[in-house]
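Contents: one structure, followed by commentary.
Residue numbers (this note's numbering): 1 to 245.
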């Protein structure tokens with residue numbers, strides 16, 4: 001199974017969830033508020049990256065593993081409980097988190113499901129304007145972080161073994177769980193705001209960017225930002241639809 005299929009699967013799950021339930025965003029935000037909150041999320045991502053680098057440099061890998069496990073467990077349980085507000089969501093979320101920490105096919109499927117339900121949670125809470133700005137900020141931060149920022153330091157320390165739960169690996173290609181979430185968020189956001197066949201425009205452009213990025217990754221055999229090209233192409237698709245609406 002190609003790595004591309006693993007990157008498309010969470011998008012399909014999140015699109016299906018949106019089409020089945022048609023959630024209405026609970027929050028209403030202005031452009032200024034969206035920029036402010038998106039900036040805060042990016043700062044938190046930056047601080048988290050610095051913390052990971054610090055723990056890896058100090059060889060405190062056990063603490064990092066515990067933090068990763070807690071974040072995945074919380075995300076799984078909270079997201080499932082939001083979608084299915086039932087006591088069964090707690091053990092189901094714990095089981096999802098357990099498999100998300102593992103490798104192999106079960107681990108990949110679990111990461112795809114986790115990414116899709118997290119993106120569904122976001123489109124259920126936040127309006128379109130926030131999601132668009134948030135994803136653009138993440139795309140810019142991803143490029144900086146991989147080439148100049150904290151992630152470049154992580155790659156220098158060859159810490160892939162410790163961070164493996166945060167990646168979907170297939171062959172010699174590894175894609176971050178954050179990338180899967182962002183792809184799913186872009187696709188589910190388009191599914192919520194666009195009807196067929198217009199939905200295909202941003203989603204196809206998103207996946208064209210994913211294919212381009214994976215091909216570049218295989219050719220260069222060095223770390224590359226997984227969000228920059230896909231999200232920019234997706235946003236161009238959204239702008240194209242808006243221009244002719």
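The C-beta atom is built at its ideal place from N, Cα and C for all residues, glycine as well.
Checklist line | Three-state secondary structure (DSSP) of residue 107 | finding: Position 107 of the chain shown holds residue 107. Helix at residue 107.
Next item on the list: Under the assumption that residue 96 contacts residue 123 (Cβ atoms under 8 Å), give the Cβ distance between them as a whole number of angstroms.
Entry: As a first step, residue 96 must be located in the chain shown, where it is residue number 96. As a first step, residue 123 must be located in the chain shown, where it is residue number 123. Not a contact, Cβ separation roughly 19 Å.
Notebook entry, point to check: Run through DSSP, which three-state label would residue 167 get?
Noted result: Translated into positions along the chain shown, residue 167 becomes position 167. Strand at residue 167.
Next item on the list: Give me the Cα-Cα distance between residue 51 and residue 205, rounded to the nearest whole angstrom.
Entry: Mapped onto the chain shown, residue 51 falls at position 51. Mapped onto the chain shown, residue 205 falls at position 205. Taking the straight line joining both Cα atoms gives about 34 Å.
Notebook entry, point to check: Is DSSP giving residue 149 helix, strand or coil here?
Noted result: By one-based count along the chain shown, residue 149 stands at place 149. Here residue 149 sits in coil by DSSP.
Next item on the list: Return helix, strand or coil for residue 209, following the three-state DSSP convention.
Entry: Residue numbering aside, residue 209 sits at position 209 when the chain shown is read from its first letter. Reduced to three states, the DSSP call for residue 209 is helix.
Note to self: Less than 6 Å between C-beta atoms, sequence neighbours within five positions excluded: which residues of the same chain meet that for residue 48?
What the structure shows: By 1-based counting over the chain shown, the position of residue 48 is 48. Here the set comprises nothing.
Checklist line | Test item: CB-CB of residue 235 and residue 150 under 8 Å | finding: Counted from its first residue, the chain shown places residue 235 at position 235. Counted from its first residue, the chain shown places residue 150 at position 150. Their beta carbons are not under 8 Å apart, which means residue 235 does not touch residue 150 by this criterion.
Notebook entry, point to check: Going by Cα to Cα distance, which pick from 37, 190 and 223 is closest to residue 16?
Noted result: Residue mapping note: residue 16 aligns to position 16 of the chain shown, counting from 1. The shortest C-alpha separation from residue 16 is found at 190.
Check: What is the DSSP secondary structure of residue 176, counted as helix, strand or coil?
Finding: Counting from 1 along the chain shown, the entry for residue 176 is found at position 176. Residue 176 falls in the strand class under three-state DSSP.
Checklist line | Whether residue 66 touches residue 165 by CB criterion (8 Å) | finding: In the chain shown, the residue the question calls residue 66 occupies position 66. In the chain shown, the residue the question calls residue 165 occupies position 165. Result no, Cβ atoms of residue 66 and residue 165 do not sit closer than 8 Å.
Notebook entry, point to check: Is residue 29 helix, strand or coil by DSSP?
Noted result: To locate residue 29, count along the chain shown from 1; it is residue 29. Residue state, collapsed to three classes: coil.
Checklist line | Alpha-carbon to alpha-carbon, residue 32 and residue 1 | finding: Here residue 1 refers to the residue found at position 1 of the chain shown. Here residue 32 refers to the residue found at position 32 of the chain shown. Residue placement at residue 1 cannot be trusted, given a pLDDT of 49 that sits under 50; what the coordinates show is reported in the next sentence. About 42 Å.
Item checked: Three-state secondary structure (DSSP) of residue 1 -> Residue mapping note: residue 1 aligns to position 1 of the chain shown, counting from 1. With a pLDDT of only 49 at residue 1, under the threshold of 50, the placement of this residue in the model should not be trusted; the figure read from the coordinates follows. If DSSP states are grouped into helix, strand and coil, residue 1 belongs with coil.
Next item on the list: With DSSP collapsed to three states, give me the class of residue 222.
Entry: Here residue 222 corresponds to residue number 222 of the chain shown, with the count starting at 1. The answer is coil: DSSP assigns residue 222 none of H, G, I, E or B.
Next item on the list: Give the DSSP-derived three-state secondary structure of residue 87 in the structure shown.
Entry: Here residue 87 corresponds to residue number 87 of the chain shown, with the count starting at 1. It is coil, neither helix nor strand.
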